[in-house]
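For reference, the structure is listed below as structure tokens.
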Amino acid sequence: MRILVINHRDIKNPLAGGLEEVVHQTAKYWVTAGHQVDLLCAGYAGAPREETLDGIRVIRGPNEYVFNWWAPFKARALGPRQYDVILEYISKVPCFVPVFIRSTPTAVMIPHLFGKTAFAELPWLMAAYAYALEQPIPWVYRQSLFWALSKTTAEDLLERGVPRERTEIIYPGFNEQLLKPDPQMQKTPYPSLVYIGRLKRYKRIDLIISATAKLRTQFPDIHLFIVGTGDYEKELRSQVASLGVEKSVEFCGFVSEERKKELLQMAWIGAQTSTIEGWGLGVIEAAACGTPTVASDSPGLRESVRDGETGILVPHGDVDALKKNISCLLADASLRETMGTAARAWARQFSWKEMAHHSLQFLERAAGQSK
């Protein structure tokens, strides 16, 4: 097949996150399987307009703020008839490809839609813009098949008017060759937490910092590793300073895959408190290393964490509940070990290869709709 992929970012973008990993891993597999893959994405400072990454032809345009308006016109300029299917990832705002291109079937991948939670992340005008553009998705893509990252997203799409039979749930994988328990790697000698992900307002990392500050009474030497970068880092650093917990919270920034593995193996517990997630890749990566996670009972996370088995879910936004359950796990080594073992078994069910294989079948069905 000849596949055109549209996503706001590519894997080399400095702001790339878990979704870009999904985009790259699937496209790389499709290329290996003998298919042609072109990727349209936004440009960034210093990036070439075009290059080939792992066999994927990457074509970059303007910055991501206007990318959704540029992408469908660029797709038309490329000649959509040369492709068997177009896969649009709606990770921010839609490009409305079917409005501009009718000669080639368009499939849609959605990690999650923000809905009204956009107003908690963005300035009001930008949030209103994003919210408004989400509303016509069911109608514009009424002929498309939808790939959802979780049951939560599939249910959201159903409530918005997308028939359930047009949605397929395909869970993401992780680097199972790298991320696994290492008997030689010791846990930190002090109680420790790790957060992996982008530093965005809606991720609510401030809740983890607040809980860490409260936990110092019981665990004076507690340490929180915050791994990742993002535009909310300044505010989080200010919070750390105002709480006087600079010695307890470490901003690790962007780290190598090897260092991420070490941190996930070393930490006693993972922590994730996002308002909404497509799935919760950080949860599964921690689980793969045998580290249980305490997380918000919020969309996406409530699927990636099996409550009471591979971790603990707490009411979103409840710092005291977060503190109480983290404390419970930190104080009980046997429970941590039991949950860690279950978490590892849970993570083994997911892989990039399986995700890429199932998503290729999904695209074949989408392409076959026009025949």
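In numbering that gives the first Met the number 0, the protein residues as written are 0 to 370. Note that CB positions come from ideal geometry on N, CA and C, so glycine has one too.
- Here residue 171 is not near residue 86, since their CB atoms are 8 Å or more apart.
- With a cutoff of 8 Å on beta-carbon distance, residue 192 and residue 207 are scored as near each other.
- The criterion of a C-beta distance shorter than 8 Å is satisfied by residue 61 and residue 41.
- With three or more CB-CB distances shorter than 8 Å, the segment 53-70 counts as touching the segment 26-43.
- DSSP, reduced to helix, strand and coil, places residue 40 within a strand of the structure shown.
- No Cβ-Cβ contact shorter than 8 Å links residue 274 with residue 189.
- Classified as buried, residue 264 has 16 or more neighbouring CB atoms from the shown chains inside 10 Å of its CB.
- Here the C-alpha atom of residue 126 lies approximately 15 Å from the C-alpha atom of residue 111.
- According to DSSP, residue pairing for residue 85 in a beta bridge involves 3 and 105.
- For the options 68, 138, 365 and 283, the alpha carbon positioned closest to that of residue 350 is the one of 283.
- By the C-beta criterion, the segment 227-246 is judged not to be in contact with the segment 296-308, since fewer than 3 inter-stretch pairs fall below 8 Å.
- At the C-beta level, residue 5 and residue 94 come within 8 Å of one another.
- The straight-line gap separating the alpha-carbon atoms of residue 214 and residue 327 is approximately 11 Å.
- Annotated as distal: residue 232 and residue 178, with beta-carbon spacing of 8 Å or more.
- In the same chain as residue 21, and ignoring 5 residues on each side of it, the C-beta atoms closer than 7 Å to its own belong to 171, in chain order.
- Between residue 339 and residue 292, the C-beta gap is not smaller than 8 Å, which leaves the two residues out of contact.
- Listed in chain order, the alpha helix (DSSP H) elements of length 4 or more contained wholly in the segment 290-344 are 300-303 and 318-330.
- Residue 107 places its beta carbon 8 Å or farther from that of residue 67.
- Comparing C-alpha distances from residue 141 to each of 165, 14, 147 and 132 shows the shortest one belongs to 165.
- Between residue 79 and residue 100, the C-beta gap is smaller than 8 Å, which places the two residues in contact.
- For residue 128, the enclosing alpha helix (DSSP H) stretches over residues 123-133.
- A distance below 8 Å separates the beta carbons of residue 343 and residue 287.
- Residues of the same chain with their beta carbon placed closer than 7 Å to that of residue 257 are lacking, with the five preceding and five following residues left out of the count.
- A distance below 8 Å between beta-carbons, with the five flanking residues on each side excluded, links residue 98 to the following residues of its chain, in chain order: 71 and 139.
- Between residue 321 and residue 212, the beta carbon gap of about 12 Å keeps them out of contact (Cβ cut-off 8 Å).
- For the segment 174-235, the continuous beta strand (DSSP E) assignments of 3+ residues that do not extend past its boundaries occur at 191-195 and 222-226, in sequence order.
- Excluding residues up to 5 positions away in sequence, 286, 305 and 309 lie with their Cβ nearer than 7 Å to the Cβ of residue 345 in the same chain.
- The beta carbon of residue 81 lies closer than 7 Å to those of 1 in the same chain, with the five residues before and after it left out.
- Contact between residue 247 and residue 223 holds: their C-beta atoms lie close to 6 Å from each other, under 8 Å.
- The alpha-carbon separation between residue 135 and residue 90 amounts to approximately 15 Å.
- Only exposed fits residue 333, as fewer than 16 other CB atoms lie within 10 angstroms of its CB.
- In the structure shown, residue 252 adopts extended strand secondary structure according to DSSP, grouped into three states.
- DSSP, read as helix, strand or coil, puts residue 161 in coil.
- No residue range can be given for residue 267, since it is assigned to no beta strand (DSSP E) and is classified by DSSP as neither H nor E.
- In the three-state reduction of the DSSP assignment, residue 59 falls in the strand class, which pools E and B.
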